[in-house]
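Residue numbers (UniProt numbering): 1 to 234.
Pasting the structure below:
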């Protein structure tokens with residue numbers, strides 16, 4: 001599918017972490033800090049992140065719905081235990097505190113300003129809690145019009161319920177939105193299942209496309225979005 005000959009969207013929705021906010025870098029810093037408090041270990045921070053991701057994603061899709069703070073804490077505890085490390089309550093606080101403080105990528109704030117000046121309304125749709133993402137949104141220059149979270153919807157990506165909830169809250173159909181994201185596993189799966197337009201920001205992290213879905217456009221950084229939209233006549 002292509003964005004050519006499609007209508008200009010009313011809203012742009014964004015994945016937050018990895019698209020607007022430096023998720024991988026922040027998560028590595030959190031893993032290092034957590035491991036530094038556990039003397040004598042030989043665990044690589046990237047290994048901890050990989051095991052944590054597995055448990056976090058599984059818990060997000062396991063009923064009943066729980067807050068991201070709970071899911072993150074449980075996922076981290078399971079990951080540490082799997083790696084033979086002692087866990088304590090402060091570990092989860094380090095993780096969620098680090099997430100909330102993660103900064104935007106260098107080009108993000110100026111790009112959001114450009115898009116806002118171009119008449120688009122901007123919304124974040126994210127797998128997190130309101131209080132955690134508030135620290136990230138505060139760093140985005142006041143350009144975000146709405147923030148819709150898994151906490152509000154009672155569901156996590158890739159379940160379509162979160163996006164259906166977002167579209168209902170924005171008062172739009174899927175054809176009046178373009179979603180901009182970095183995560184094939186979460187956001188592309190929803191775009192495939194629901195049918196909304198999707199721009200992939202591929203920052204070279206090694207995340208692979210789904211075998212049965214191709215985004216409508218692929219860009220390396222967010223600041224390429226305004227030029228893309230100009231070529232489309234938007």
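Glycine included, every Cβ here is placed at the ideal spot set by N, Cα and C.
- For the pair of segments examined, the segment 19 to 29 was found to touch the segment 42 to 50: the number of CB pairs separated by less than 8 Å reaches three.
- DSSP, read as helix, strand or coil, puts residue 106 in coil.
- Look at residue 147 here: in three-state DSSP terms it is strand.
- Shown here for residue 223: same chain residues with a beta carbon closer than 6 Å to its own, the five before and five after excluded, namely 107, 111 in chain order.
- Taking all protein chains shown into account, residue 70 has fewer than 16 neighbouring C-beta atoms within 10 Å of its C-beta and is therefore exposed.
- Separation of residue 129 and residue 4 (C-alpha to C-alpha, rounded to the nearest whole angstrom) is 35 Å.
- If you draw a straight line from the Cα of residue 163 to the Cα of residue 60, it is about 15 Å long.
- By the Cβ neighbour-count rule, residue 191 is buried, with 16 or more other Cβ atoms within 10 Å of its own.
- Going by DSSP, residue 177 is part of no alpha helix (DSSP H) but of the beta strand (DSSP E) stretching over 177 to 181.
- Between residue 146 and residue 174, the C-beta gap is not smaller than 9 Å, which leaves the two residues out of contact.
- In this structure residue 19 is buried. Its beta-carbon is surrounded by 16 or more other beta-carbon atoms within 10 angstroms.
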